[in-house]
Each structure stands twice: as C-alpha cells, then as structure tokens.
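Chains as they are written, first to last, in the numbering used here: chain A, 2 to 301; chain B, 1336 to 1677; chain C, 2 to 420.
1) Could you check the C-alpha separation between residue 222/A and residue 1503/B for me, to the nearest Å?
2) For residue 1608/B and residue 127/C, what's the separation of their Cα atoms in angstroms?
3) Residue 1488/B: buried (16+ other C-beta within 10 angstroms of its C-beta) or exposed?
4) What distance in whole Å lies between the Cβ atoms of residue 122/A and residue 57/A, which are believed to be in contact at a cut-off of 8 Å?
5) Is residue 328/C close to chain A? Criterion is C-beta to C-beta, closer than 8 Å.
6) Give me the chain C residues within the contact set of residue 1431/B, using Cβ-Cβ distance strictly less than 8 Å, ordered along the chain.
7) Is it buried or exposed, residue 1672/B, if we count other Cβ atoms within 10 angstroms and call 16 or more buried?
8) Looking at the C-beta of residue 64/A, does it have a partner C-beta in chain B at a distance below 8 Å?
9) Within this structure, are the beta carbons of residue 138/C and residue 154/C separated by less than 8 Å?
10) Starting from residue 372/C, trace the alpha helix (DSSP H) both ways and give me its first and last residue.
11) Exposed or buried, what is residue 1566/B when buried is set at 16 or more other beta-carbons lying within 10 Å of its beta-carbon?
12) Just to confirm the assignment, what range does the alpha helix (DSSP H) spanning residue 1404/B have?
13) Per DSSP, residue 420/C is paired with what?
14) Would a check of beta-carbon distances place residue 1662/B closer than 8 Å to chain A?
15) Can you tell me whether DSSP reads residue 1590/B as helix, strand or coil?
16) For residue 43/C, which three-state DSSP category applies?
17) Do you know offhand how far residue 28/C's Cα is from residue 1384/B's?
18) Return the chain-ordered list of same chain residues with a C-beta closer than 7 Å to the C-beta of residue 1370/B, the five sequence neighbours on each side being excluded.
19) Considering Cα atoms alone, identify which of 1362/B, 1638/B and 1400/B is closest to residue 1578/B.
20) Where residue 125/C and residue 1446/B are concerned, what is the direct C-alpha to C-alpha distance, given to the nearest angstrom?
21) Is the shortest distance between the beta-carbon of residue 191/C and the beta-carbons of chain B less than 8 Å?
22) At a CB distance below 7 Å, what residues from the stretch 140-161 of chain A approach chain C? Give them in sequence order.
23) Quick check on the DSSP output: the alpha helix (DSSP H) that includes residue 233/A runs from which residue to which?
24) Report yes or no: do three or more beta-carbon pairs, one from the stretch 1601-1620 of chain B and one from the stretch 86-97 of chain A, lie closer than 8 Å?
25) Residues of chain C with CB closer than 7 Å to the CB of residue 27/A, please, in chain order.
26) Report the neighbours of residue 68/A on chain C: residues whose CB is nearer than 7 Å to its CB, in chain order.
27) Please list, in chain order, the chain B residues whose beta carbon lies closer than 8 Å to that of residue 95/A.
28) Which chain A residues sit within Cβ distance under 7 Å of residue 1478/B?
29) At the level of alpha carbons, what is the spacing between residue 1666/B and residue 1642/B?
30) Report the start-end ranges of each beta strand (DSSP E) in the stretch 283-355 of chain C that is 3 residues or longer and not cut off at the edges.
31) If I'm right that residue 204/A touches residue 248/A with Cβ under 8 Å, what's the distance once you round it to whole angstroms?
32) What do you get for residue 415/C, buried or exposed, if any count of 16 or more other CB atoms within 10 angstroms of its CB means buried?
33) What three-state label does DSSP hand residue 152/C in the structure shown?
34) Counting C-beta neighbours from all protein chains within 10 Å, is the total for residue 412/C 16 or more, i.e. buried, or is it exposed?
35) Report the rounded CA-to-CA distance for residue 1556/B versus residue 1507/B, giving the unit in angstroms.
36) Can a CB atom of chain C be found closer than 8 Å to the CB of residue 1672/B?
Next comes the structure, spelled out in structure tokens:
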C-alpha cells in the first residue's frame, strides 16, 4: 500500500487531471468492448464469452490492412467491418443453435471458439507478438491541459468511443430499428408474430457487438502489442464492467467502464500491488448488494 | 438449471425409479470392489503412466463430481468451483511446508479451512439466482486468485509453493512413494464418490432436485432453500478441496493456476462431456477429458482447434454428455426390443 | 429435447475416442523398445501468449541437434527430440515431463519452461532422478538456493542476479556521469520482475550511493494497457527509469510511453530491450534506450556468433531470441559431456557436466562454463549498450566483467543465506 502517493496526487491538480484522463482512456476503450457484450446479452440473453476474440481479430485485421494500404482510416474500417462480418457468421451458424438452451451450453460453445480463434490467429499471423506502429499523423508531442498530459491519439480514441456511445444511445431510443431491437429483447415471440425476422435482428445485434469490439481492437492496435490470446484480459475486464453496470444496460456499461478505469488509474497509485484485486472486490460488493448491477433494471 | 435439464433428468429418473432407494450397503460393497480392483492394478502393469493417469483422474474426478452436485443436482451453475480446488492444494501444501504436522492432520485441517471459507462465500453467493450466482462465484474465484498472486510472502506468488511438499510417513504410508500415493489417491477417490453418492441418494439429495426443478414449490412445502443450497455448496467445496490436495501431492507443489478460472472451466467442460444427469457422468467425463487432453497435446500444438471442435460436437451435435447419451440410447433400445417382443 | 441424430454416429466417435485412449495406454510397451537413438524430452510452451518462447527454444535446440547427430550423436546414439506443449500451466508441465520419461522413454529432459513451470519440472526431476537441464528460467533461486539443489538438474539460462550486477554497475556509471539521482522503476508484478528489480536497485545504489528510488510501478504480467503506469511515472518526474518488462509487454509499454513523450524526459534502462523479438517489432523505437544484451548477433563480436545468428536466420527466417541461445547451449554442453564421459547415460553425463567448460559462440571469452558448485551457467556474454532503431540495433556493447560478477554473486548468496 502506498496511500501517501495517492493522497499526494489527490491534492495536486496536475496529477488529478492526468490520472483522471488516464482513467478515461482506459475506461472508454473498455466501454467499446463491454457495450457489445451488454448489448448481446440484453437482446439475445447470451453471455458471449468469445467477445475478446473479436477484439483480437479487430486488431489483427487493422494491422494487416495498415501494412497493406498504409492508411489508418482504412485500417480502422477493416477492423470494424471484418469483425462485424465475423460476428454475423458466428451468430447465424453457431450461436443461433444454442438459444434457450442451458447457459452452460452457451458458455461452452463460446469457450470452444475462444480456443479455435486463438489457434486460427496463431496459424495465420504466427505465435510471435506484433506491433502495428503509430501512424505518423499522431507522432506528435502530447498536449498539456490544465497541467495534465494528454496525447492527441487518446483524444481521438475517447471521441470515437463517446461518439459510439451517443449513436448507440440515440439509435436505440429514437429510431424504428432501435425500437424493434428493444421490443425483441423484451418479447421476441411477439416481435416475430408481427412479421419481423428475429433471426435478422439477432444476427444484426451480434454483428454490431462484434464490430464495436473489433473497433476497440483496431483503435488499440497502434499502442498495444498483438498476440494470440490478447483478447482474454480485455474480455475479463469488460465482463467485470458489464456485471457492475448491469447486464444489458448501455448506460451501465459506460459508467462501469469509467469506474474500472478510475479504479485502475488511482488504484495503481494507492495499491500498486493489488490493483486487479480491487476490481474483483468492487465487483463482488456490487453483485452482493445489487445482483443485477448498478443499472440492471433497464434492458438495452 | 433450465427446464431442459429437468426434463432430461426426469426421463432418467423414470427408468431408474426402482433403484432410486438409498442402499448404502450395496454401494459400500461396490466401492470396496472398485477399490480392490484399482489397488491390484499396479500388480498387472508396471506402467507408471497408467498410475499417474488414475491419480489425475482421482483429483479431477472428485472435483468434477462435486461440481455436478451443484450443477446437475441443485441447479447451481458455479463458475468458481475451482477456487476450492486451489484452496485445498494451497492449504495442504502450506500446512505441510510451514508446520510439519502429520499428513492426516494437515488433511483434516485443510478441509476445516475449506469448510469455513466455503461457508462464508456460500452464504453470500447462494442468495443469488442463475447467471448472477455464476458471476459472483467467478468473481470470488478471481479475487482468491489475485490474492494468491499478491500475497507473495505466504504463497510464493506466481512461482507457487516451491521446493516440493514434504510428506513424512504416517501409519506405514509414505506418500513420496509413487505406489503409496497411488493407493491413497484411489482410496480418497472411492470414498469421496461413495459419500457423494450417499448424499445424492439421500432425502436431502431429493430435496436438492426439487429445488432445482422448482425452488418456489420447494419453499412452499417448508424447505429452507437457502440453507439446503448452502449445505450442498459447502459439501461440494470439501470434495473439490480433496481433489486439490491430491493434485498438490501429485505435482508436489501448488500453483496459482489451480485457483484460476480455467480449472472451473475445465470442470464444467468435464461435466458436459460426461453428462450431468447421471452420478457417474462426471467421472466418465474426467477420463474422456484427460485422455483427450493427453492425446491431442501429443499430436498437435494446435490443440485449441481440436478441443474446440470436440466441444462443439458435444454441445451442438450431441446436445448432451456421453453418459446421458448412452443411457437414453440404452433405454430406447430396451423400449424397442420390448415392442418387438410383445 | 428432440433427437436429431442417429445413435450410430456418436457410437462410432465414442469408439474412436476409446481407440485413442487405448493407444495412449499401449504406448509404454511400444516406446520401451530400446533403440540406438536416445530420446530427449522437452516440455515447453507452444501455445498461448508466450508460444514464441517454445518455438524459438525448439528452433535453438533443433539447430544444434542436427549438428550433433551429423557428427555421430551422443556417444554414438542419435538424438531424438520429443517436444511437448505444456500450455504454460505448471501442472501440465509436471504431467508432460513425467509422461516423457515414464511413457515415451526419454532419458534426458530439457526443461524449456518459464517461471513456475520450471519449478514444477524441477520437482519431477527430483522425483524421477532423470538428468534435467533448465534452459529458460532465469530465477536465481532455482540453482542458488541449496534447498532446491539436486545433483541431476542444471541450468543453461542466464541468471537474474548476474544481469542485475552488470546492469547496476553500468547504470551507476552513467548516473554519475549524467547526474541521474532520482530513479523510477517499472516491472511486471511477478517473481522475475520483483527479484530482478530488487537486485538491480541494490547494485545501482551500491555503485552510486546517492541514487534514490522515488517511484515504483508494478503492472501485471501481460497487462494490455500501461496508461496509468506511464502517467504515474511522468508525475513522479524521475531522471531515469528502470524496467524489466519483456516481449510484447515491453513493446506495448514503449508504444504507449512514446505518445506521452516519456523517452524525451528521462534516461530509460530496459534490460530486455536488446532482443530481436522486441527490437524488430517496435515500429518507432526511440533512440538511446540502455539495455542489457539478450541475444544479438553482433555481440560478442566474433565470427562464430555472427555465423550462428545467420545460420539460424537462414533456417527459420527470423532472428534467434534469448531463449534460442540458452537452449542451443544445453545441447552443446550435452554433446561435449557425452564425449568426455564417452556415454549418454544420465548419471555419467551429469558427472561430466559439472565444471565443464566448452567453446561457445555465446561466451564472453569464447567459452562458457557449467559451474560445478551450483550447476548453473557462467561466462556467457553479458553487457549493456544503447539501442538504435535499425541494424545492428546495439552498435556498442560495454561488456560486464565476470570477475566482479562472481565476487558480488558470492556476496549476494551469502546475504541470502544460501551459502
């Protein structure tokens, strides 16, 4: 424990700003992965334990596209579109067979794909870790905001994630498709009786979830090393986020992600050796006091 | 557990109603016979591999069967059962390394520790239903795992308990002798299975089934659901802990991986391979899983793909575990031959 | 529950599985057929995040095994490597090691496991008495601690304490020259990270007593994101930073610290930087990171070393890693020991290995020695230099002095109560 550093930081505005922004950066990327997880659960009632694999594929797709074209925008697009397609196929061919079945069966199908996807990546891209490299446009000195340090690339990252949150939130509450999705989450039988193809909705939601995770992977690719199995730790963290925020709640995923970001950011100052433990502890406390999570009531 | 499980179970129950009465004497005889056969095995073969295999079967088998008491019999889908496996391994290993007490004392003390921990964690967890129970058990598992990693002075952190686990001979049994270890593991396995079978076939076992099928109805007829769930949670933890002790003796150490979620995952996988509707399903699953693991890692380093496809075969193809399948198939065959005869 | 499949399908697959099981059980009798070949078992990590450890260890071993076999093998017996994946799990490492010896009839073990896996295999070696060479674990206690010592286990990996002595003295010299008094450390939170950092700071302070550690960060092993760690270090405003992150963690850290311009604000000492796995992967490698050598074909600057690096590259289309040379050295030592003992028997080999000095491309003076007292490798090339982003990556390496290393190591062992 190192509480002096923590209190010292809380007293200094420069430190406060910098650590809060780090919390934001960690949290917003986590949000992109977690929101897909929560969306899929909210509508399909499935805990997608293979979600980390989409994050991984997003990063690898982006890296390959970047190496081939040299365009950062295209790399992001490839990461997102590739994983969306993958999500659609995965849902239609495999996951759709285990709806309504025991949760164990769903977990096992996902687990099978975690194993398979990791090996597929190892076959295609090799076992060694890779790095995509930062595009030249972002190789600039960091900005100083109120005494805190913020790299421009992370500003982009936060903006994209916030944009995704806003579009998702508005899309689900204001548009017709959003209403159909919410209806499907509440009562799929009724939606299907109204002549709407629920299979299409399910596939679409899964593709959307996969795409968001892929986008997160693509955005992370310039700053994180790529390796088979890289999705795992991200999956665990985003899983904690969704459980804390409440499975199925988008607002919950946002708040949960930011909370975890802050715990990581300030926890590393005060409890450098037990930062991870803090997250689990927080999750236990939330689950025990509010089993459905902080925002669990509201569905999708 | 869902209706599906209940439906499967009731089917099995239908054709085994006649033998459902608890018969401890007959079970004890069978257990004794199995133990004798296992104990004589080393006389037939000099293969250390086979003995190793049986020891691992004992460790994983106790763990998986105890998980089935929760998953299959009570409908408590625990994602964190592995924490008790790790707790057993660490508790026993630490006790032997630090205090130097006799093996049976350490064994009992480890179970006592497991009892207390399981009681506390269980009291918190079993209030929650379905997926939330799964989540909170997983969270506790991760909490224990990261505590093991962080508490370096006691647990050795990521390096685990190094330098081997001392095992002074007791009552003429020397656990550093491979053969003795084998016999003791077999004994623990057979006794453990016997006890678990008694629990499953007891009135309490049927209470658990009722809770699984309809908890509300169970509480209407005066069953304290929380208490029953907590009891089985603690009992299952004790058997999982015993499995962990065998594993610690086998590798002569304890490692954080024993308390990681992957162990829980493997337990669930084993249960699904073997099937959760029969008592011996998890045992069959254990043997299958270990054979599968050992052969596939020999043949290819892309075992993830192979294992993944096997899981898909069971989960999407068969849609049930092997023992479920065998029993259903057997019942159908009897039915058909019965039709033919009439 | 609807039944869509005919029972026959699964019965067949069940039979297939049982068949596979039968093969597993039958294997002992098949394998026991004693041939002229000598089987060497090698548990290692071939899948998961550090699969590269296993693949490059395997490459290093195979490169040398081919040479040894072409020259007649171990005392006339051809080497047959049996290499298995442990998935990085200690219990699997123990299981695989036992199986290699008991079932596959391996007479020697090369333990290419990392960290806890090495300790698990060590216990198997203790139990079975088989000759075992640890090739990847750098944890000093594995050989330094007399409680761990067994006569049949050796180590051909570099050792944490050696690295730290050389690193500490090198860093102290630069500290004094540049006036670096305030230091920060950043190391992965596991045994290797903690031990190496502790030893490094110990020797840094010994050679430069006015140095002060003002901030410590302990990210988790394989943590994907280091943002909070980077900013924490920036807050502390140290003049120099020490890190023993390695592999993908190190490259992630560099990429993330780069956009915070961390490298322009302090001198960075990253002991695991000068390894091709990291050097060739980082796209925007900052200039002038101080690093210890891992494997680099330009140091030692000898024709033998360059030739070895090139031969490896030609064969596997990638540069060797730190693990490659450590594993290659195990085979080189075994080959020499079998000549000396004129036998491939484990006990005789172990006897011959103790104190054995062989010519080696990786030796500081062209030779490496298997020290008799604690059965670990000494005399290997060890030095520090600064990196540049293209070949030869580390243009100048300041060699560590083995005389000093051994003196201080003896002192360190005493302080730990090992002697």
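Where a beta carbon is used, it is the ideal one built from N, C-alpha and C, also for glycine. What you are looking at is a predicted structure, and each value in this text was computed from that prediction instead of being measured.
Taking the coordinates as given:
1) When rounded, the distance between both Cα atoms is 54 Å.
2) The C-alpha of residue 127/C is placed about 35 Å away from the C-alpha of residue 1608/B.
3) By the beta-carbon neighbour count (other beta carbons within 10 angstroms, threshold 16), residue 1488/B is exposed.
4) Yes, residue 57/A and residue 122/A are in contact; Cβ-Cβ is about 6 Å, under 8 Å.
5) Interface criterion not met: the Cβ of residue 328/C is under 8 Å from no Cβ in chain A.
6) By Cβ distance, chain C contributes nothing, its closest Cβ being about 14 Å from residue 1431/B, past 8 Å.
7) Exposed.
8) Closer than 8 Å: no.
9) No. Outside cutoff.
10) According to the DSSP assignment, residue 372/C belongs to no alpha helix (DSSP H), since it is labelled neither H nor E.
11) By the Cβ-count criterion, residue 1566/B is buried, with 16 or more other Cβ atoms from all chains shown falling within 10 Å of its own Cβ.
12) Membership of residue 1404/B in any alpha helix (DSSP H) is not indicated, and neither H nor E is assigned to it by DSSP.
13) None, per the DSSP bridge assignment.
14) False, the Cβ-Cβ gap to chain A never drops below 8 Å.
15) Coil.
16) In this structure, DSSP gives residue 43/C an extended state, which the three-state scheme calls strand.
17) Low confidence applies here, because residue 28/C scores a pLDDT of 45, under 50, leaving its location unreliable; read the following figure in that light. If you take the alpha carbons of residue 28/C and residue 1384/B, they lie about 9 Å apart.
18) A distance below 7 Å between beta-carbons, with the five flanking residues on each side excluded, links residue 1370/B to the following residues of its chain, in chain order: 1521, 1522 and 1525.
19) Ranking the options by Cα distance to residue 1578/B, first place goes to 1400/B.
20) Each residue's alpha carbon lies about 27 Å from the other.
21) Yes, because at least one Cβ of chain B sits closer than 8 Å to the Cβ of residue 191/C.
22) Answer set for the stretch 140-161 of chain A: 140, 142, 143, 150, 152 and 154.
23) Start and end: 232-246.
24) As far as the Cβ criterion goes, the stretch 1601-1620 of chain B does not touch the stretch 86-97 of chain A, which means the pair count is below three.
25) Counting only Cβ-Cβ distances below 7 Å, residue 27/A has contacts in chain C at 226, 228 and 229, in chain order.
26) Ordered by position in chain C, no residue passes the 7 Å Cβ test against residue 68/A, which lies about 10 Å from the chain.
27) Taking a Cβ-Cβ cut-off of 8 Å, the neighbours of residue 95/A in chain B comprise 1647 and 1651, given in sequence order.
28) Within chain A, the residues near residue 1478/B are 278, 281, 282 and 285.
29) Roughly 29 Å between the two C-alpha positions.
30) Runs of the beta strand (DSSP E) inside the stretch 283-355 of chain C: 291-293.
31) Actually they do not touch by this definition, with Cβ atoms about 20 Å apart.
32) Looking at its Cβ environment, which holds fewer than 16 other Cβ atoms inside 10 Å, residue 415/C is exposed.
33) Of the three classes helix, strand and coil, the one that applies to residue 152/C here is coil, per DSSP.
34) It counts as exposed.
35) When the Cα atoms are used, residue 1556/B and residue 1507/B turn out to be separated by approximately 51 Å.
36) Judged by the 8 Å Cβ criterion, residue 1672/B is not in contact with chain C.
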